[in-house]
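S.K.: Here the sequence shown stands for residues 1418 to 2163, where the numbers follow the numbering used here.
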Amino acid sequence: MDDSQILEALSRHFGHASFRRPQGDVVKSILSGRDTLAIMPTGGGKSLCYQLPAMLLDGITIVVSPLIALMKDQVDALCAKGIDAAMLNSSQSWAEQSEVLARLSRGGLKLAYVAPERFRAQSFTRALRGAKISLFAVDEAHCISQWGHDFRPDYMRLGEALESLGRPTCAAFTATATPDVREDILRQLCMREPSVFVSGFARKNLSFNVREVSGKAEKFARVCAIADKYKTGIVYCATRKSAEELSKKLWGEGVRHIVYHGAMTPAERDAAQEAFMGGCEQIAVATNAFGMGIDRPDIRFVCHYELTGSVEALYQEAGRAGRDGAESYCEMLLMYADKRVQEFFIEGANPSADFIEAVYRAVRDNCDNANECAMPIDALAEETADIMRFGGGRRRARGGKFARLSGANAMAVSSALGILRRLGYVERFDIPSRRARGTRLLDPDLPPSRLDLPESLLAEKRRRDEAKLRDVLRYAYSKQCRQKWILEYFGEDCPEPCGKCDVCMLSSAPAERQPPLSPDEILEVRKALSGVARMSHRAGARQWLPRFGRDKIVKCLAGSRDAKITSSGLDSLSTYGILKGHGAKFCSELFSSLVDFGLVSITDGEYPLAAITDFGVSVMLGEVSELRIAYPREISKLKKVPALQAKKSAKKSPREKPETDVPDFAAPLYAELSALRSQIAAKAHIPVYRVFTNAVLRGLAVRRPADAESAMEISGIGKINSKKYLNRFLDLVRNFTIRNETEGKI
Ligand SMILES: [Zn+2]
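Structure follows, in structure tokens:
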């Protein structure tokens, strides 16, 4: 069939003159008899991709679709176009169903929409036996995957159904498949050399940004600034508690908004949603419970107050901005410590087999005569914890190993009940009087030890959840265009940089982008690298092996008093606090830059560790004179030494370099400071370091602080010695600078 015939049919049946990308390619792939998987966003015109082939192929197209409402809309629309389409589902009367079945076996239909559960009905498979099926289309195909969020067992049996129909061409469609879900769809449907299309996910009117923040105060300031600038939008919080805290602060500043989270009553939630959707309120502070039906077109910003658990969630929630096509702004606030919140969620969503068994035992122990347990989740959580502690779990029963106790919280109990329900061991029911749910055993005689729990599947799901969180961190710390990164993550080929995210904006000023670092900046980089090396295993003269992760290393560089550092004695390392004067944010950004520019590498795996690379070793050892890497911007402001002058001083440094590590340009001043120190020490009969250490002199020589306040940023200047000696050193610095500037002018 040639292109003109396809376009003619497109125009005749659907009234379109042309395809939207990638519709045409998908249609041609299906018509050529190839199995096809198309991943297109909602609203991207998926249904046309199987409806048009249905019209061009002889025989019937079976469309498997999960939602009755969706089916009905599509069938109505097709019938209105004069196309022979019908649906079969449980909402229809017996007579209606019989009529459709009769048309099906007569071959009087072009398209038949069915729910996946339908393949369990013999009347249906019998009717299909007489029909010619030319195409088997699966909509919302992510439901097939055991990793998809709407796990439906009947979807997983579609592979068999396909075989029983004589294996017609198979086409699957979804809007949300990540690479692993995609693999799963291809496998479950046993697709043969399929064509895979991923397209249309770019949101050209959205600017994606990540802002690293040092604490809650900075977060709050960002939210206020964004809300003030963009007016209408959503701030997504990871937890109810965080949403409530933020709301309180916003009211303190007089910023109007609504709050929305899962612990509010349905009436409260409805009222809040309506106020926002109806345009009475412009700002929503919400958890991810705020999602269904949020299609207000003029949302101008979406801010993520904490890290999300996956890139998919981030993109979906941020994608609520700019539905009207107007420019809109998305920002995720990045604080590494927020990772803990998501780890807690992963823990709660992935109970171990032991834990699930203990929950089952707790339910069973607390059932009434009708095999129903009405215990609230919190009480069940306590019972479960007791069972885990005092035995009865499967590990103990099998090998006597004690089960892990952690995670015995309400969330894990809910997850465990959900898993037991999906496996057919229990049923959940409403207890209207208590606004709560109870649990009913479906096989009361089954002892807990006989539960058949898919342990490897559970472990695999946990591993995937952890990997998703790591992907969010990779995204956040990446120095690649945000939109491009996300589109590549979803599998689109060669997306273009967006030109409007924070990374693109930074690199759009190429002159400013990566100028060579000044000598004092290089010194700070070398200090950071020595900190990384110090926290590695030394494996040779120029080789270090990774030992710690990013978090601990950055904390040590910044001199953090975090218990993780102090309790393990890391604060006694010589490099502890080596960049203290710059603050935690600087250290974190500098570390990212070291990774981005190949001075430090990060290992793969569950607990990524950092190690200095060969290039990093060269820089650390001072073998590299010019270095072009991104340097955290804040510090540039502090620089007191103009580059020109630095160069001049460096040229004329005939004197011997002091034994300590001082960049060339600072050496002359260092020598004078050192002389002054010796003078003072001799007079007072004390060792020189009691006046100031070499590190302090180095700091003074490199930074040339103008006053005592900025001098105090140099680590190692204590209150006592600053009072006694600092002014004389500052005088020297001032005189030296004036002298040099005068010389420079001549
Ligand atoms: Zn970009």
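Each residue gets a CB set at the ideal place from its N, CA and C atoms; glycine is no exception.
For Q1759, which beta-bridge partners are listed by DSSP?
M.R.: Here residue 1759 corresponds to residue number 342 of the sequence shown, with the count starting at 1. In the DSSP output, where bridge partners are listed per residue, Q1759 has none listed.
S.K.: Just how far apart, CA to CA, sit M1504 and H1721?
M.R.: Within the sequence shown, residue 1504 is the residue found at index 87, counting from 1. Within the sequence shown, residue 1721 is the residue found at index 304, counting from 1. Their backbone Cα atoms lie some 41 Å apart in a straight line.
S.K.: Rounding to the nearest angstrom, what Cα-Cα distance links G1499 and H1430 in this structure?
M.R.: Reading the sequence shown from its first residue, position 82 is the one you call residue 1499. Reading the sequence shown from its first residue, position 13 is the one you call residue 1430. Using only the alpha carbons, I get a separation of about 8 Å.
S.K.: Of the residues F1965, R1778, G1441 and E1600, which one's Cα is nearest the Cα of M1805?
M.R.: For this step, residue 1805 is matched to residue 388 along the sequence shown. That would be R1778, whose Cα lies nearest to the Cα of M1805.
S.K.: Start and end of the beta strand (DSSP E) containing G1650?
M.R.: Here the question's residue 1650 lines up with position 233 in the sequence shown. Segment G1650 to Y1653, the beta strand (DSSP E) holding G1650.
S.K.: Return the chain-ordered list of same chain residues with a C-beta closer than 6 Å to the C-beta of A1588, the five sequence neighbours on each side being excluded.
M.R.: The count along the sequence shown starts at 1 and reaches residue 1588 at position 171. Answer for A1588: I1447, T1453, Y1467 and A1554, listed in chain order.
S.K.: Considering only their Cβ atoms, is the gap separating F2008 from A1945 smaller than 8 Å?
M.R.: As a first step, residue 1945 is located in the sequence shown; it is residue number 528 there, counting from the start. As a first step, residue 2008 is located in the sequence shown; it is residue number 591 there, counting from the start. Taking 8 Å as the Cβ cut-off, A1945 and F2008 qualify as a contacting pair.
S.K.: If you check the beta carbons only, do I1763 and V1615 fall under 8 Å apart?
M.R.: In the sequence shown, residue 1763 corresponds to position 346, counting from 1. In the sequence shown, residue 1615 corresponds to position 198, counting from 1. No, these two residues do not count as a Cβ contact at 8 Å.
S.K.: Assuming L1545 contacts T1478 under a Cβ cut-off of 8 Å, what Cβ separation, rounded to an integer in Å, is found between them?
M.R.: As a position in the sequence shown, residue 1545 is number 128, starting the count at 1. As a position in the sequence shown, residue 1478 is number 61, starting the count at 1. About 12 Å; that fails the 8 Å criterion.
S.K.: How should P1865 be labelled, buried or exposed, when 16 other C-beta atoms within 10 angstroms of its C-beta is the threshold for buried?
M.R.: In the sequence shown, the residue the question calls residue 1865 occupies position 448. Looking at its Cβ environment, which holds 16 or more other Cβ atoms inside 10 Å, P1865 is buried.
S.K.: Please report how far the alpha carbon of A1833 lies from the alpha carbon of F1707, in whole angstroms.
M.R.: If you number the sequence shown from 1, residue 1833 lands on position 416. If you number the sequence shown from 1, residue 1707 lands on position 290. Each residue's alpha carbon lies about 24 Å from the other.
S.K.: Ligand 1 and K1621: does the residue's C-beta get closer than 7 Å to at least one heavy atom of that ligand?
M.R.: Your numbering for residue 1621 matches position 204 in the sequence shown. Outside the cutoff, so no.
S.K.: Just verifying my parser: in three-state terms, what is the DSSP assignment at S1421?
M.R.: Counting from one through the sequence shown, the residue named residue 1421 turns up at place 4. Helix, per DSSP.
S.K.: Looking at V1719: is its Cβ nearer than 8 Å to the Cβ of C1654?
M.R.: Counted from its first residue, the sequence shown places residue 1719 at position 302. Counted from its first residue, the sequence shown places residue 1654 at position 237. No. Outside cutoff.
S.K.: Might you give, ordered along the chain, the residues of its own chain that have their beta carbon closer than 7 Å to the beta carbon of N1826, omitting 5 neighbours on each side?
M.R.: Locating residue 1826 in the sequence shown gives position 409, where the first residue counts as 1. Cβ within range, chain order: G1765 and A1798.
S.K.: Spatial neighbours of F1637 within its chain, please: CB distance less than 6 Å, with the 5 preceding and 5 following residues excluded, ordered by chain position.
M.R.: Position 220 of the sequence shown, counting from 1, holds the residue named residue 1637. Closer than 6 Å at the Cβ level, and outside the excluded window around F1637, lie K1666.
S.K.: Jot down the residue ranges of each uninterrupted alpha helix (DSSP H) in the stretch 1889-1966, minimum 4 residues, whole runs only, in chain order.
M.R.: Those alpha helix (DSSP H) runs which fall completely within the stretch 1889-1966 and span 4+ residues are 1899-1906, 1919-1924, 1927-1930 and 1936-1951.
S.K.: Starting from D1847, follow its DSSP beta bridges and name the residues at the other end.
M.R.: Looking up residue 1847 in the sequence shown gives position 430. Its beta-bridge partners are R1854.
S.K.: Could you check whether the Cβ of K1549 sits closer than 8 Å to any Cβ belonging to chain D?
M.R.: Among the chains of the structure shown, chain D does not appear; only one protein chain is present.
S.K.: Any idea what DSSP makes of L1834, helix, strand or coil?
M.R.: Counting from one through the sequence shown, the residue named residue 1834 turns up at place 417. Helix, per DSSP.
S.K.: May I ask you to verify whether the stretch 1624-1636 touches the stretch 1994-2007, counting CB pairs closer than 8 Å and requiring at least 3?
M.R.: yes
S.K.: One question on the structure: do I2134 and V2113 come within less than 8 Å of each other, judged by their Cβ atoms?
M.R.: Residue numbering aside, residue 2134 sits at position 717 when the sequence shown is read from its first letter. Residue numbering aside, residue 2113 sits at position 696 when the sequence shown is read from its first letter. Yes, they are a contact pair.
S.K.: C1921: beta carbon under 7 Å from a heavy atom of ligand 1?
M.R.: Residue 1921 sits at position 504 when you count from the first residue of the sequence shown. Result yes, Cβ under 7 Å from ligand 1.
S.K.: Do L1521 and A1529 have their C-beta atoms closer together than 8 Å?
M.R.: The count along the sequence shown starts at 1 and reaches residue 1521 at position 104. The count along the sequence shown starts at 1 and reaches residue 1529 at position 112. In contact: L1521 and A1529 (Cβ atoms closer than 8 Å).
S.K.: In the DSSP assignment, what are the bridge partners of D2143?
M.R.: In the sequence shown, counting from the first residue as 1, residue 2143 sits at position 726. Here residue 2143 is Leu; the residue named in the question, Asp, does not match the sequence. BP columns for L2143 are empty, so no partner.
S.K.: Cβ of C1918 within 7 Å of any heavy atom in ligand 1?
M.R.: Residue numbering aside, residue 1918 sits at position 501 when the sequence shown is read from its first letter. Yes, the beta carbon of C1918 sits closer than 7 Å to at least one heavy atom of ligand 1.
S.K.: Drop a sphere of 10 angstroms on the beta-carbon of D1862, count the other beta-carbons inside from all chains shown, and report buried for 16 or more, exposed for fewer.
M.R.: Residue numbering aside, residue 1862 sits at position 445 when the sequence shown is read from its first letter. Looking at its Cβ environment, which holds fewer than 16 other Cβ atoms inside 10 Å, D1862 is exposed.
S.K.: Whose CA, out of L2117, R1523 and E2040, lies closest to the CA of E2089?
M.R.: On the sequence shown, position 672 is the one that residue 2089 refers to. Comparing Cα positions, the closest option is L2117.
S.K.: Relative to the C-alpha of R1838, which residue among G1524, E1577 and D1860 is closest?
M.R.: Taking the sequence shown and counting its residues from 1, one reaches residue 1838 at position 421. Of the candidates G1524, E1577 and D1860, the one whose C-alpha sits nearest the C-alpha of R1838 is D1860.
S.K.: Just how far apart, CA to CA, sit V1776 and D1782?
M.R.: Residue numbering aside, residue 1776 sits at position 359 when the sequence shown is read from its first letter. Residue numbering aside, residue 1782 sits at position 365 when the sequence shown is read from its first letter. Roughly 10 Å separates the two Cα atoms.
S.K.: Ligand 1 heavy atoms versus the CB of Q2096: any closer than 7 Å?
M.R.: Here residue 2096 is taken as the residue at index 679 of the sequence shown, counted from 1. Checking the Cβ of Q2096 against ligand 1 gives no.
S.K.: Decide if C1918 is buried, meaning its Cβ has at least 16 other Cβ atoms within 10 Å, or exposed.
M.R.: Working through the sequence shown from its first residue, we reach residue 1918 at position 501. Result: buried.
S.K.: Apart from the five residues on each side of it in sequence, which residues of its chain come closer than 6 Å, Cβ to Cβ, to D1571?
M.R.: Locating residue 1571 in the sequence shown gives position 154, where the first residue counts as 1. Excluding positions up to five away in sequence, the list reads P1533 and E1534.
S.K.: Using a threshold of 8 Å, state whether the C-beta atoms of V1676 and A1660 are closer than that.
M.R.: Along the sequence shown, read from residue 1 onward, the residue named residue 1676 stands at position 259. Along the sequence shown, read from residue 1 onward, the residue named residue 1660 stands at position 243. In contact: V1676 and A1660 (Cβ atoms closer than 8 Å).
S.K.: Below 7 Å, is the gap between the Cβ of R1899 and the nearest heavy atom of ligand 1?
M.R.: Your numbering for residue 1899 matches position 482 in the sequence shown. Checking the Cβ of R1899 against ligand 1 gives yes.
S.K.: How many angstroms separate the CA atom of L1923 from the CA atom of E1635?
M.R.: Here residue 1923 refers to the residue found at position 506 of the sequence shown. Here residue 1635 refers to the residue found at position 218 of the sequence shown. The straight-line gap from Cα to Cα measures roughly 21 Å.
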